[in-house]
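The structure appears right after this line, and notes come after that.
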Amino acid sequence: MGRIVLSTLMALSFTTSLSFAASPWTGGDDLPTNPLACDATPATATAKPYDGGEPTNAPDRNGKTLKVVDVPKLVGIGYFNATSKGIADAAKEMGNMDAKTDGPSKANIDDQITLIDNYITSGVDGILFAANDPVAISPVLKKALAAGINVVGYDANSQPDARQWFVNQAEFNGIAKAMMDSMAAEIGKDGSFAIVTSTFTTPNQARWISEMQAYQEKCHPDMKWLETVEAQEDNILSFNQSNTLINKYGDDLKGIFGMTSVATPAAAEAVTQAKKCGSIAVVGLATPNAMKPYVDAGCVKSVVLWNPVDLGYAAAYVLRATADGDLKPGDTSVKAGKLGELQVINGSEILLGAPTVFTKDNINDFDF
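Numbering (mature numbering (1 follows the signal peptide of the UniProt record, and there is no 0)), first residue to last: -21 to -1, 1 to 347.
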């Protein structure tokens, strides 16, 4: 909570200019960006050597039943309920994986580390994780690798050498383009927007925001970035932060981005209660079921996401292939059950696929 108060105080001196690319108050990280072309020209894939870790003296697990624990950022929200379902579906389909989900009740990295450490001690064959902090989680994951445990991340990465593979739901610059283009279409080329994210250290949100900033500067240079605020993965805080933005910026605020599956419906609810539907656009990452009421009511036009059930399913298959020795450093693809062959990118990442933009025309075709 202290960091949220601090970010609010700092925001008082926040300028709407984007000349401050290194400012932490965008919510982005300081890693290099690779914005996509402003039109539909696809990116060119660049080969990169394997940069993941390796378990020490891992036993022969080929074809044997794996005892696996899934440790997401937190439990009890729709998004990670969906990834957990995907993992369970894959485990049942394979018939030789005993998987359970056990995450913290809040997106707290210390609780997540403690859980993983306990499972290393009690003994598991594999760990699946979605990190709350990419740096802080890495030592305990390296401890798991040192204990001979197979480690695969999904949704939110660690440092690469702290796990073997990471299943990336979509490339960060692809998400950025889909989000920024959707917002620009709604608020115009010179509209002003703000962001509600989880925390400034959450790895996937920070990467998306950095790529959004780079793409916006390149392709929508006259749009104005007002502020980025933290709201953890908390529904009430996300609503309150959205409401604060609405009151603070008044008519200058034309759009709100929600960077989490909690923040986006909360922002939509805040806009709805403020009677600003049609005046303030909400674009964000969220599950279709959470957004259907707002999309059907016409208050939200664009929701960007992938299928989180498929993400969990893919992660389970990647872990199985890793334990069996079917996925090795240097491989360019991996078989993932009903999803077919998934491509290896960036050395040690598996790409689930391109994001989907849900609109009134297609959102009711999905149920998750």
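The C-beta atom is built at its ideal place from N, Cα and C for all residues, glycine as well.
Best match in the options for proximity to residue i [C-alpha to C-alpha]
{"i": "Ala295", "options": "Leu107, Ile324, Glu33, Asp344", "result": "Leu107"}
{"i": "Gln252", "options": "Lys227, Ser221, Met162, Trp285", "result": "Ser221"}
{"i": "Ala26", "options": "Asn286, Thr5, Thr311", "result": "Thr311"}
{"i": "Ile174", "options": "Asp89, Ala247, Ile88, Pro51", "result": "Ala247"}
{"i": "Arg142", "options": "Thr338, Ala333, Asp344, Gly326", "result": "Gly326"}
{"i": "Ser240", "options": "Thr180, Thr176, Asn219", "result": "Thr176"}
{"i": "Leu124", "options": "Val282, Tyr133, Asp104, Ala333", "result": "Asp104"}
{"i": "Leu205", "options": "Gln211, Lys227, Phe172", "result": "Phe172"}
{"i": "Asn13", "options": "Glu196, Lys46, Met162, Gly263", "result": "Glu196"}
{"i": "Ala164", "options": "Lys233, Tyr228, Glu212, Gly102", "result": "Lys233"}
{"i": "Phe145", "options": "Ala155, Ile154, Asp134, Phe151", "result": "Asp134"}
{"i": "Thr180", "options": "Val279, Pro51, Glu209, Ile225", "result": "Glu209"}
{"i": "Pro334", "options": "Met158, Arg299, Gly237", "result": "Met158"}
{"i": "Ala16", "options": "Ala193, Ile166, Met202, Lys85", "result": "Ala193"}
{"i": "Ala265", "options": "Val279, Lys254, Gly257", "result": "Val279"}
{"i": "Leu306", "options": "Glu328, Lys317, Tyr292, Leu290", "result": "Glu328"}
{"i": "Pro113", "options": "Gly127, Val119, Asn136", "result": "Asn136"}
{"i": "Val297", "options": "Gly277, Asn147, Asp275", "result": "Asn147"}
{"i": "Thr223", "options": "Leu321, Gly304, Ala249", "result": "Ala249"}
{"i": "Ala22", "options": "Asn152, Cys198, Phe218", "result": "Asn152"}
{"i": "Met162", "options": "Asp201, Ser84, Gly304, Gly132", "result": "Asp201"}
{"i": "Thr338", "options": "Ile166, Pro267, Gln322", "result": "Pro267"}
{"i": "Thr62", "options": "Lys46, Gly82, Asn75", "result": "Gly82"}
{"i": "Asp344", "options": "Lys46, Gly257, Met270, Lys203", "result": "Met270"}
{"i": "Ile128", "options": "Lys46, Ala149, Gly74", "result": "Lys46"}
{"i": "Ala115", "options": "Ile88, Phe59, Met76", "result": "Ile88"}
{"i": "Gly277", "options": "Ile342, Tyr228, Pro308", "result": "Ile342"}
{"i": "His199", "options": "Glu212, Asp169, Asn219", "result": "Asp169"}
{"i": "Gln211", "options": "Cys256, Gly332, Ser117, Thr243", "result": "Thr243"}
Simplified DSSP assignment, three categories, for residue i
{"i": "Ser161", "result": "helix"}
{"i": "Trp285", "result": "coil"}
{"i": "Lys79", "result": "strand"}
{"i": "Ser137", "result": "coil"}
{"i": "Glu212", "result": "coil"}
{"i": "Ala247", "result": "helix"}
{"i": "Thr181", "result": "coil"}
{"i": "Lys85", "result": "coil"}
{"i": "Thr335", "result": "strand"}
{"i": "Leu306", "result": "coil"}
{"i": "Val114", "result": "coil"}
{"i": "Ser63", "result": "helix"}
{"i": "Phe151", "result": "helix"}
{"i": "Asp230", "result": "helix"}
{"i": "Ile188", "result": "helix"}
{"i": "Leu15", "result": "coil"}
{"i": "Asp68", "result": "helix"}
{"i": "Asn343", "result": "helix"}
{"i": "Val241", "result": "coil"}
{"i": "Cys198", "result": "helix"}
{"i": "Asn222", "result": "helix"}
{"i": "Ile259", "result": "coil"}
{"i": "Gly6", "result": "coil"}
{"i": "Pro38", "result": "coil"}
{"i": "Lys317", "result": "helix"}
Beta-bridge partners of residue i, as assigned by DSSP
{"i": "Leu53", "result": "Answer by DSSP bridge pairing: none, since Leu53 is not bridged."}
{"i": "Val279", "result": "Note: Val279 sits in no beta bridge, so no partner."}
{"i": "Gln322", "result": "Ser312, Leu330"}
{"i": "Leu264", "result": "Val283"}
{"i": "Gly31", "result": "DSSP lists no partner for Gly31."}
{"i": "Thr207", "result": "Ile174"}
{"i": "Thr301", "result": "The partner list for Thr301 (beta bridge, DSSP) is empty, contrary to what the question assumes."}
{"i": "Val130", "result": "Ile106"}
{"i": "Thr45", "result": "Per the sequence shown, the amino acid found at residue 45 is Leu instead of Thr. Note: Leu45 sits in a beta bridge opposite Met76."}
Continuous alpha helix (DSSP H) stretch holding residue i: start and end
{"i": "Thr20", "result": "Premise fails: Thr20 is in no alpha helix (DSSP H) and is neither H nor E."}
{"i": "Ile99", "result": "88 to 101"}
{"i": "Pro118", "result": "117 to 125"}
Endpoints, the beta strand (DSSP E) within which residue i is located
{"i": "Val146", "result": "144 to 147"}
{"i": "Ile235", "result": "234 to 237"}
Could you check whether the region 172 to 192 touches the region 6 to 21, counting it as contact only if at least three pairs of C-beta atoms, one from each stretch, sit closer than 8 Å? By the Cβ test, the region 172 to 192 is in contact with the region 6 to 21, since at least three Cβ pairs between them sit closer than 8 Å.
Taking 8 Å as the threshold, find out whether the region 32 to 39 comes into contact with the region 62 to 69 through three or more Cβ pairs.
no
### Query
At a cut of 8 Å, does the region 94 to 102 reach the region 116 to 130 through at least three beta carbon pairs?
yes
- Task: Would you check if there are 3 or more beta carbon pairs closer than 8 Å linking the region 33 to 50 to the region 266 to 286?
- Result: The region 33 to 50, when compared against the region 266 to 286, does not touch it at the 8 Å Cβ threshold.
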